[in-house]
Amino acid sequence: MVVESIESVKVAVRVRPFNQREIDRQAKLVVKMDGKMTMIYNPEAPNDEPKKFSFDYSYWSHDGFNTLPDGTAEPQSGSTYASQRVVFENLGQGVLNNAFEGYNCSLFAYGQTGSGKSYSMVGYGKNRGIVPITCDELFKTMEMNNDPNKRYEVMFSMLEIYNEQVRDLLSKDNPKGGLNVRQNPKLGMFYVEGLKKVPVGSYAEIEKRMEQGTQSRTVASTNMNATSSRAHTVVTIIFDQIIKSDSGETKKSSTMNLVDLAGSERADSTGATGDRLKEGANINKSLSALGNVISALADLSMGKKKVMVPYRDSVLTKLLQNALGGNSKTIMIAALSPADINYDETLGTLRYADRAKKIQNKAVINENPMDKLIRQLKEENERLKKAMESGGVVVQNAAGMSPEEIDKMRKQMEDEIRAQLMANQQMIADEETAGDWDNKLAEARRETQELDSEGRGDVSRRQREVHLVNLNEDPMLSGVIVHFLKPGKTTIGRKDAQELPDICLSGLSILKQHAVLTSNKGKVELEPVAGSGSKTKVNGVVVTGKTKLTHKDRLLFGSNHLYVFMNPLNTETTEDLPAEISWEFAQKEIAQVKGFATATGAGLSKDQQIAQEQVLEILPMVSEVNAVSEELNKQKSFEVVLISAAAQESTYGTQNSTSVNNVLTARVMVKMKNLLNGNTWLWERGKFMNRRYLIQDLYQKFLDGEDISKIPKEQDPFWEPTEDVLIGSANVFLQSLSYALDFDDKITITDYKGQEEGFIKVHVTPCQKDGKQLEEDAFVDDPHELLEKPYHFKVTVGSAEVYKTRFSKGIQVKYRVYKDEKLTETPLMKNTLKPNIKHSKVFTFGKVTKEHLEFFESGCITFLVYGTQEDATPDPKLLKYSTKELRQMDQGEAPSSVNMARRNTHFALETASDQSHLKTEVLLLQRKYERLASKEKRMQDICKEWDKKPESEKQFEPFYRAVSAVANSTGTRLKTRVHLLNQKENEKNRRMSRVEEDLISLYVFGEDEGELHTEAEQNGGVVQYEKVKHHHHKDIQLVRSHSFTNQENAHGKNGRAVRSAEGTRKEGSSACTLQ
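For the sequence shown, the working numbering assigns the number 162 to the initial residue and increments by one for each residue that follows.
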């Protein structure tokens, strides 16, 4: 009788503590838990209600615990902290109980990189995770068996799925392209062909095998340049219970799949959208397919009909078919990051888990008589053999297929049959030799003992011998590989060297003879092999000759092999170092040497820390891609660049991937340069990471012996069609528009490094709807006077000049004003470095709002200057050089300037101190000075008038009232008519211009302000000069112009000439005197 159990997938979520980066960043907690409920708060909308989710278990592991001296975390009294043991008792114990009952069990961990998946699954140090505790408890329970008619057999396997390829982590030999995933035609289930399954007889043996698998992962991730966080790890334990009875032997079998999924961060969250080759990367295929499978299964469980579950879409979903939608009792643990910066990813994880809990599985007890199993397998093999021998492989539904396609499908089907024959034969052999279990176990144990001399090395040896220990971006893979140094010379190189090195490394930029370590009584020196040009760094600095090593020095061989030098014979260090050297510490050090600032803590804002983290993340990837370019001779060079907030094509006030609280931050990008013709491309961070995976794939094909020279350029991740390149940007700040002033200046065009690339002349002026200039006296004292009124201004782009001749093919300027959906583009000016652009456009705000005023006050218009690139024929002389030589030449053009520019590319991301910004502020300060000077003079005049009066007429109260009125007054600006002086104008022109151009403004302070203002309103805004002449002070320079032009040869007679912001006299109607 088949015992069937229908139940939903159990789902648990667990939130970890803040990590050190989040503590340094002063991150805010956005996750809360209450019983089984988990709540997440949107940091951008703190007053909104949280999003709520309910799961089988919500584990609070964020705080409320103490760390014991041995490293064990235990709950504080009265806290809700969920320890590793609590998680096991709720989840792992259930897996164990189900296994003994004969059910298949699956436990998989999901979440973004760094969210704590591996901690829950594997654990760290004394805080063992679900997998080791479950294995340990399995054998403890087996040891309690006293039934002589029952025996146990446990098999262990461990595999990794990376880029849709399956690697056996317990085997030293993996075929090119990975192991094949086949489908059992009878059961419909998928399996990995040739996967090594090792008999184990104790938890200690499983631990050794897990160490072996972890070491294999570490070596592979270093040699193959694979990113471990993008790989899925599957540990499978096959637990068989063989029960003797009078009718024969019955086997109760349980397969336990323990899956640590790759980081769930979305590709599009890093900006990968827009890459022409985005579909080519398999790196995220498995997780995408898993999401689709979970959604389809959830729909089926909710009663939807005709839902196809896409198991075949990826290797991962094929292997998890049983776990997710078949004969298995399944548990999912979703790991949550608590910090506000991870809000989107954490919310995505919660939604993913919420869908998974709707899935229902039908688990059955796997119990069958062993002779029946063998008989069925033999019968199936006979049928398959006959089909092969009689040519009985018939391709179904072949209509419309070519003969070649039919033949290809027939061969594929025959391969499947052969693979199934071999798999069945192996199962028959296993079943028939079941009584030989002890011999199999003994052989596996001999192999396990051999592992002790490899890998991590003896702990006691580490305490007394000089050695190197590896660092990896995945903390679980750091400290896994140990190389002990022998007295004398220890050579480092590739295994294909003429003389086998003592330490064999492989991968990018590792030479056959790479470096030599010389150890003499605790003193160690490192020296690159002479003349090899090997890439070797100590503490981030390139090593060119003999270098003495001290305890905890960081060594980088090639592009990926990063080690810490440990010298227990002399533990003195040359600097203040952390107790434990991490991958992140070593990468920061490399970044510092390259000129990037890496300071952390309260001195950096949130956006600065984000930019820093992204640079530290991408720098080693860029080094790796450069190494691939050199090895494949792709004639391309890559470097990390920071594009300032102002130089981005973003709309004012909108949020994107580089904005924090709606404020744009510097964007981390990668520049690719064609070393033959100088063309450049800027790639978004996400696009580069996507290309990096494709480049890794291409390099792996190269290592596998494929002829990659025949790949079409459109499929080559190093190739990119030519596109306009951003020469640089120029910013015009708009404070002047707040006061109805114009701006006219020659602005410097600077590139992303702050280096000058040219200049552009720009004029921004308030105007009428038709673009005509406002009268010169349109200046407003307070920007709030503009509110609720229509506002027009004109942007004029005049001439420009670009310095680099390679941009002469075409120059174009693009800019965006406020929230315009599209960029405004000037005409493309070809075949010139000094284009006369002659572009102007009027922009209108129907009603000025506070947001418009904020835009004027703190915003700017960024003019992006683009150059046209062509796929020009390279200099024939350059073709004879290798990519490595070309990169050295490129860097050697101006190495000091490049380094200085880099060192100035700090993460401080200061507010742009553009000249135009400063000039605008100068003009506004001049206006304020004019008003305050008038106010001060008026007070001085009142005091002088008081002083001249006879003592009998000096009345204090009126005097005090007059002084107080001026002191407390903000001033009223009024117009009056004056007589113009202009030596260049004839009398006729003077009379014509007098009507509109003989008006000037002055400030009125004191008790008569209100009366004069009323008169002005009644007379078209003008008052008689006689009534305001006592407010006019002859030694105060009047600034009538609101333009930033440099006009020379201005004339004016004795009176006060109106001057420009630079202080030069202005001609025409701007020169005047008051009579």
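For every residue, glycine included, the Cβ atom is placed at its ideal position computed from N, Cα and C.
Euclidean distance between Cα positions of residue i and residue j
i: R1064; j: K755; result: Bear in mind that a pLDDT of 39 at R1064, under 50, signals an unreliable position, so the model cannot answer this.
i: S639; j: Y280; result: 14 Å
i: V776; j: E686; result: 32 Å
i: M194; j: S219; result: 7 Å
i: G1290; j: K1188; result: Given that the chain is displayed from residue 162 to residue 1236, the structure contains no residue 1290 and the question cannot be resolved.
i: M316; j: K682; result: 46 Å
i: E733; j: P636; result: 25 Å
i: A1055; j: Q245; result: Any reading at A1055 needs caution, since the residue's pLDDT is 38, under 50, leaving its predicted position unreliable; the model's value is listed next. Computed Cα separation, rounded: 55 Å.
i: T1066; j: Q796; result: Low confidence applies here, because T1066 scores a pLDDT of 43, under 50, leaving its location unreliable; read the following figure in that light. In a straight line, the C-alpha of T1066 is about 26 Å away from that of Q796.
i: H675; j: K749; result: 24 Å
i: N728; j: A234; result: 31 Å
i: E1112; j: K1098; result: 23 Å
i: T708; j: I664; result: 19 Å
i: K523; j: Y364; result: 30 Å
i: D599; j: K311; result: 15 Å
i: V963; j: K983; result: 25 Å
i: R1152; j: I1161; result: A caution first: R1152 carries a pLDDT of 46, below 50, which makes its placement in the model unreliable, though a value can still be read off. If I take the Cα positions, the gap works out to 16 Å.
i: S1001; j: V958; result: 6 Å
i: V380; j: V703; result: 24 Å
Nearest-angstrom Cβ-Cβ length linking residue i and residue j, presumed shorter than 8 Å
i: S318; j: V359; result: 7 Å
i: G719; j: L666; result: 7 Å
i: L320; j: V395; result: 5 Å
i: V886; j: I908; result: With a Cβ gap of about 20 Å, V886 and I908 do not count as contacting.
i: S798; j: K834; result: 5 Å
Cβ pair residue i, residue j closer than 8 Å
i: S680; j: P689; result: no
i: G374; j: L330; result: yes
i: A752; j: L723; result: no
i: P648; j: R177; result: no
i: V956; j: I1022; result: yes
i: T510; j: Y271; result: yes
i: V256; j: I494; result: no
i: G889; j: D912; result: yes
i: R391; j: I455; result: no
i: L340; j: E325; result: no
i: G866; j: L602; result: no
i: V192; j: L497; result: yes
i: P873; j: A901; result: no
i: V831; j: V789; result: no
i: Q402; j: Y313; result: yes
i: K197; j: S215; result: yes
i: G232; j: I294; result: no
For residue i, the first and last residue of its enclosing alpha helix (DSSP H)
i: F920; result: Element bounds for F920: not the alpha helix (DSSP H) but the beta strand (DSSP E), 917 to 928.
i: Y900; result: First-last for Y900: undefined, no H or E at that position.
i: Y280; result: 278 to 282
i: P293; result: 291 to 304
i: K749; result: 744 to 754
i: K479; result: 476 to 480
i: G510; result: It should be noted that the sequence gives Thr, not Gly, for residue 510. Taken as a continuous stretch (DSSP letters only), the alpha helix (DSSP H) holding T510 covers 504 to 517.
i: Y860; result: 846 to 864
i: R622; result: 620 to 625
i: A740; result: No alpha helix (DSSP H) holds A740; DSSP gives it neither H nor E.
i: G1171; result: 1170 to 1179
Limits of the beta strand (DSSP E) - the one that residue i falls within
i: F940; result: F940 -> no beta strand (DSSP E), and no H or E assigned at all.
i: S238; result: Note, S238: premise wrong, no beta strand (DSSP E); not H, not E.
i: T411; result: 409 to 421
i: H953; result: 952 to 963
i: A173; result: 171 to 176
Closer than 8 Å to chain B by CB, residue i
i: M371; result: Absent from the structure: chain B. Only one protein chain is present.
- Item | the segment 1046 to 1053 touching the segment 993 to 1011, judged by at least three CB pairs closer than 8 Å | no
- Query: Counting Cβ pairs closer than 8 Å, one from the segment 981 to 998 and one from the segment 1032 to 1047, do we hit at least three?
  - Reply: no
- Task: Taking 8 Å as the threshold, find out whether the segment 841 to 851 comes into contact with the segment 777 to 795 through three or more Cβ pairs.
- Result: yes
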